[in-house]
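Worksheet: the structure to be examined is printed underneath.
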Amino acid sequence: MNKQSKLSIFILMAMLVGSCQQGTNKNKEEIQEAISLPDAVEFRDTIKGEEISLFTLKNKRGMEVALTNFGARIVSLIVSDKDGVNRDVVLGFNKAEDYNNPEEPYFGPIVGPFGNRIANGKFSLDGVEYTLPQNNGPNTLHGGLEGLHFVVWQAKQLSDEAVEFTCVLPDGKEGFPGDRAFKVMYSVNDNNELTIAYEAKTDKRTVLNLTNHAYFNLNGEGSGTILNHQLQIFADQITPVNETLIPTGELKGVKETAFDFTALKAIGKDIEQDDEQLTFGKGYDHNFVLNETKHDGYNYACRLIGDQSGIVMDIYTAEPGIQFYSGNFMADKVTLKNGATDSFRTGLCLEPQHFPDSPNQPSFPSTEVNPGEVYKTTSVYKFSVQ
Ligand code: GLA
3 MNKQSKLSIF
13 ILMAMLVGSC
23 QQGTNKNKEE
33 IQEAISLPDA
43 VEFRDTIKGE
53 EISLFTLKNK
63 RGMEVALTNF
73 GARIVSLIVS
83 DKDGVNRDVV
93 LGFNKAEDYN
103 NPEEPYFGPI
113 VGPFGNRIAN
123 GKFSLDGVEY
133 TLPQNNGPNT
143 LHGGLEGLHF
153 VVWQAKQLSD
163 EAVEFTCVLP
173 DGKEGFPGDR
183 AFKVMYSVND
193 NNELTIAYEA
203 KTDKRTVLNL
213 TNHAYFNLNG
223 EGSGTILNHQ
233 LQIFADQITP
243 VNETLIPTGE
253 LKGVKETAFD
263 FTALKAIGKD
273 IEQDDEQLTF
283 GKGYDHNFVL
293 NETKHDGYNY
303 ACRLIGDQSG
313 IVMDIYTAEP
323 GIQFYSGNFM
333 ADKVTLKNGA
343 TDSFRTGLCL
353 EPQHFPDSPN
363 QPSFPSTEVN
373 PGEVYKTTSV
383 YKFSVQ
């Protein structure tokens, strides 16, 4: 082969390699383009006579969070996976009106004034019995029919990294006592942490249990079930429940049970085990009692890893418990942002919180708040890759 033909083969190969690389880049760009925040125009709406909008937070590392003031909800949470490709790791809708539906499965809102269940829709404070709507079998779930998830909050964008939502619930709303003022701040920082800081005040003794109800899929919304995600929960005990998911009042050790997530384990590994607790929950739908690790006032609650994306989420919280719900009631009832439906176990919730039914369980940490006190709690969701 002469020099010239060697040179032309070399040029031809260089061109081929170049075009292949271009191809890969294009695919990556195409994926990046597909994964973007929802169109803010679809969130310019009026619900219950009040204005709804979309708010966005961004850090310097490309993490983006979209929120709406309808329910103070997380709509999208975009982070890079192990290959640098963006994924939206929470489930949600791409227009505001889709959230205004009683069948909506609590996608991303603040739930309260009392997140999780209160037995038989009743509790007593200072000898007065309060009656609440029974919106989940015999029990009250997530503050009743018109809980904080259906409130139009006032919003203030504080900076590119922070937005604050405030609202007021009047005395007697959904049966709960006290004129109550709520403030929730969402913020991101360059450590890829999303922080949710909660505050509330009341003018009458009341009960409060606030949390966020995001559905996570760390492989990306609509990418299949969460059963191969790896999960570790720093909890040696759960609060076992009865058949309506109300705690029995006992604490039960997780060792040698399907609830042992003390080391990383695939969520699907033991989910079909013959266990009364899994039967009651139709899978995992339980409060884990967090081991007190309290670094800087926070318990290290859990670590979740997307098996396909390598995205890692660590949750730190000031709360004593975390509800792990494996998406057991998801049943293709609604259409998500990317066009997929909410199929069985394609998202999971990890809700830092006080224990369910605390107002009726004297042995659980108290959820009572008095006038003059400031209710405060914080949870941090830290994203990385492995
Ligand atoms: C919570 C409950 C679940 C379920 C979801 C919403 O996480 O514990 O039982 O009701 O909310 O579908």
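Numbers given in our numbering equal positions in the sequence shown, counted from 1, plus 2.
For each residue, glycine too, the CB sits at the ideal point set by N, CA and C.
Distance from the C-beta of Glu321 to the nearest heavy atom of the ligand GLA is not below 7 Å.
A distance criterion of 7 Å places the beta-carbon of Phe331 in contact range of the ligand GLA, judged by its closest non-hydrogen atom. Listed in chain order, the alpha helix (DSSP H) elements of length 4 or more contained wholly in the segment 164-251 amount to none.
At the C-beta level, Gly323 and His297 stay beyond 8 Å of one another. Here Leu171 is buried: its Cβ has 16 or more other Cβ atoms, across all protein chains shown, within 10 Å. Three or more Cβ pairs closer than 8 Å define a contact, and the segment 199-217 meets that threshold against the segment 109-122.
By DSSP's assignment, Gly323 forms a beta bridge with Val291 and Gln355. Between Pro361 and Ile248, the alpha-carbon positions lie close to 12 Å from each other. Within 7 Å of the C-beta of Tyr108 there is at least one heavy atom belonging to the ligand GLA. Taken through DSSP and simplified to helix, strand or coil, His144 comes out as coil. DSSP, reduced to helix, strand and coil, places Asn301 within a strand of the structure shown. Not one heavy atom of the ligand GLA is found less than 7 Å from the C-beta of Asn219. Its chain contains Lys384 as the residues whose beta carbon lies nearer than 8 Å to that of Asn193, once the 5 sequence neighbours on both sides are disregarded; these appear in chain order.
In this structure, the CA atom of Ile120 is about 9 Å from the CA atom of Pro140. Here Asp100 is not bridged, per DSSP, to any residue. As the crow flies, the alpha-carbon of Phe152 is around 7 Å from that of Asn102. Not one heavy atom of the ligand GLA falls within 7 Å of the beta-carbon of Gln136. At least one heavy atom of the ligand GLA lies closer than 7 Å to the C-beta of Glu353. Contact between Leu233 and Leu306 holds: CB atoms are separated by about 5 Å, below the 8 Å threshold. Between the alpha carbons of Pro373 and Lys203 lies a distance of about 7 Å.
Taking a cut-off of 8 Å on C-beta distances, the segment 76-89 does not touch the segment 284-303, as fewer than three cross pairs fall below it.
Relative to the ligand GLA, even the nearest heavy atom lies 7 Å or more away from the CB of Gln279. DSSP, reduced to helix, strand and coil, places Leu150 within a helical segment of the structure shown.
DSSP, reduced to helix, strand and coil, places Thr281 within a helical segment of the structure shown. With a cut-off of 7 Å, the C-beta of Gln325 is classified as near the ligand GLA, since at least one heavy atom of the ligand falls inside that distance. Shortest gap from the CB of Leu247 to any heavy atom of the ligand GLA: under 7 Å.
Taking all protein chains in view, the Cβ of Asp344 is crowded by 16 or more other Cβ atoms within 10 Å, so the residue is classified as buried.
For Ser161, the uninterrupted beta strand (DSSP E) run begins and ends at Gln156 to Ser161, by DSSP.
Distance from the CA atom of Gly255 to the CA atom of Lys267, rounded to whole angstroms, is 17 Å.
By the neighbour-count criterion, in which 16 or more other beta carbons inside 10 Å mark a residue as buried, Lys62 falls on the exposed side. The shortest CA-to-CA distance from Lys60 to any of Ser386, Val190, Leu143 and Ser126 is the one to Val190. Residue environment: Leu160 is assigned as exposed (fewer than 16 neighbouring CB atoms within 10 Å of its CB, all protein chains considered). Here Asp41 is exposed. Its C-beta has fewer than 16 other C-beta atoms within 10 Å.
With a contact defined as Cβ atoms closer than 8 Å, Asn230 and Arg89 miss out at about 15 Å. When DSSP states are grouped into helix, strand and coil, Gly123 belongs to the helix group.
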